[in-house]
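**Student:** In terms of my numbering, the sequence shown opens at residue 41 and continues consecutively. Where is the CB? At the ideal position from N, CA and C, for every residue including glycine.
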Amino acid sequence: ITGAGAKATDFTHYPNLQEGITPYKVVTHRHYPEILEILEKLNPNSKIINVHFTPHVFPGSRGILTTAYIKLTRNYNEKELYNLYEKFYANCPFIRIQEEIKLSWVRGSNFCDIAIYSKEDKTVICSAIDNLVKGASGQAIQNMNIMLGFDEKLGLYNPPLFP
41 ITGAGAKATD FTHYPNLQEG ITPYKVVTHR HYPEILEILE KLNPNSKIIN
91 VHFTPHVFPG SRGILTTAYI KLTRNYNEKE LYNLYEKFYA NCPFIRIQEE
141 IKLSWVRGSN FCDIAIYSKE DKTVICSAID NLVKGASGQA IQNMNIMLGF
191 DEKLGLYNPP LFP
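1. When the Cα atoms are used, what is the spatial distance from residue 195 to residue 176?
2. Taking its Cβ as the centre, do 16 or more other Cβ atoms sit within 10 Å of residue 143, making it buried, or is it exposed?
3. On the premise that residue 172 lies in contact with residue 70, defined as a C-beta separation below 8 Å, what is that separation, rounded to the nearest angstrom?
4. Under 9 Å, do residue 154 and residue 181 count as touching if we go by C-beta distance?
5. Give the single residue among 118, 178 and 152 whose Cα lies nearest to the Cα of residue 32.
6. When DSSP labels each residue in this structure, what does residue 133 get in the three-state scheme?
7. Under a three-way DSSP split, which group does residue 73 fall into?
8. Is DSSP giving residue 111 helix, strand or coil here?
9. Taking DSSP's pairing of strands, which residues face residue 162 in a bridge?
10. Does residue 181 come out as helix, strand or coil in the three-state DSSP assignment?
11. Can you check DSSP and say which residues form a bridge with residue 91?
Set out below in structure tokens:
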């Protein structure tokens with residue numbers, strides 16, 4: 041079971057999750073304070089950051105799919121947000137801004153795929169990573185490459201296992 045930690049519980053017991061995707065810790069997830077901290081650093085003058093996310097656990101061996109809900113202070117259309125994300129991540133070789141995402145499109149890779157959906161002041165951001173590469177070993181290799189002065193893509197810029 042991926043995305044719910046390493047501790048075996050009734051919740052993570054495979055027969056209890058088989059053929060299902062389950063939201064968990066919807067308003068109490070341990071990474072929520074980290075998300076707010078980063079958003080506050082990116083926008084220190086903002087009084088209120090209105091973002092929520094829903095983690096999901098599923099009966100798979102790897103991958104994390106995140107759905108984040110954001111209420112913006114002004115209306116943006118998807119094209120404007122897409123362009124903002126493209127500009128923000130322009131120098132991030134492992135971030136791919138897509139029209140849609142699937143976990144299978146990042147499997148076995150160091151990529152993080154992001155899709156943006158927006159209407160009026162409501163925005164939903166979805167992301168997909170292979171947590172065994174991007175979330176663990178790939179992140180370590182990428183950081184080591186940077187620390188040692190190597191190209192950060194060294195050993196990591198490989199296509200996903202699917203399609």
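**Tutor:** Per the coordinate set shown:
1. Translated into positions along the sequence shown, residue 195 becomes position 155. Translated into positions along the sequence shown, residue 176 becomes position 136. If I take the Cα positions, the gap works out to 14 Å.
2. For the purposes of this step, residue 143 is taken as the residue at position 103 of the sequence shown. The residue is buried, with at least 16 neighbouring Cβ atoms inside 10 Å.
3. Counting from 1 along the sequence shown, the entry for residue 70 is found at position 30. Counting from 1 along the sequence shown, the entry for residue 172 is found at position 132. Rounded, the Cβ-Cβ distance is 19 Å, inconsistent with contact.
4. The residue labelled residue 154 in the question sits at position 114 within the sequence shown. The residue labelled residue 181 in the question sits at position 141 within the sequence shown. It is not a contact, given that the beta carbons lie outside the stated cut-off.
5. Shown here, the chain extends from 41 to 203; a query on residue 32 therefore has no answer.
6. Taking the first residue of the sequence shown as position 1, residue 133 is located at position 93. Reduced to three states, the DSSP call for residue 133 is coil.
7. For the purposes of this step, residue 73 is taken as residue 33 along the sequence shown, with counting starting at 1. Here residue 73 sits in helix by DSSP.
8. Taking the first residue of the sequence shown as 1, we reach residue 111 at position 71. Reduced to three states, the DSSP call for residue 111 is strand.
9. Translated into positions along the sequence shown, residue 162 becomes position 122. According to DSSP, which records beta bridges pairwise, residue 162 is partnered with 111 and 159.
10. As a first step, residue 181 is located in the sequence shown; it is residue number 141 there, counting from the start. Of the three classes helix, strand and coil, the one that applies to residue 181 here is helix, per DSSP.
11. Residue 91 sits at position 51 when you count from the first residue of the sequence shown. Answer is 110, bridged to residue 91.
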